[in-house]
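J.:
Residue numbers (the UniProt record's numbering): 1 to 120.
Printed below as a string of structure tokens:
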């Protein structure tokens, strides 16, 4: 994905998701990936009056998605499981994703304030 593609995803989905999750009072979080920091995207955020949380350098622990990936990987490779085909791996990933329960996601989301304060 490039900066333009990222902006298209934002245009098509971000305001709807933000409104659903936080009404009109929400802040967007993204890391320092180059497509996120592209001038065209930063300008778009300003034009849409979207508040973006400044992201500290070298702070992967601030992002709960890293923990979610960890949960998924542990489920996929539980017991030292190995895969002989992409299809088997794909099926296992999809099944493991479905097994992640909403309470695990809530716990990650609720941990955000503490993660943010630790980073700043």
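C-beta: ideal position from N, C-alpha, C; glycine also.
When the Cα atoms are used, what is the spatial distance from residue 33 to residue 82?
T.: Looking at the two C-alpha atoms, the distance is approximately 31 Å.
J.: My assumption, with CB atoms under 8 Å, is that residue 64 sits in contact with residue 109. Please give the rounded CB distance.
T.: Rounded, the Cβ-Cβ distance is 7 Å, consistent with contact.
J.: So residue 36 and residue 29 are in contact, right, with Cβ under 8 Å, and what is the actual spacing, rounded?
T.: Going by Cβ atoms, the distance from residue 36 to residue 29 rounds to 10 Å, so no, they are not a contact pair.
J.: CA-CA distance, residue 90 and residue 105?
T.: Their Cα atoms are separated by approximately 22 Å.
J.: Going along the chain, which residues of its own chain have a beta-carbon closer than 7 Å to the beta-carbon of residue 75, five neighbours each way excluded?
T.: Correct list, in chain order: 96 and 99.
J.: Would you identify the three-state DSSP class for residue 117, choosing helix, strand or coil?
T.: Looking at residue 117 - three-state DSSP - the assignment turns out to be helix.
J.: Determine, using beta carbons only, whether residue 32 comes closer than 8 Å to chain B.
T.: The chain inventory of the structure shown lacks chain B, comprising one protein chain alone.
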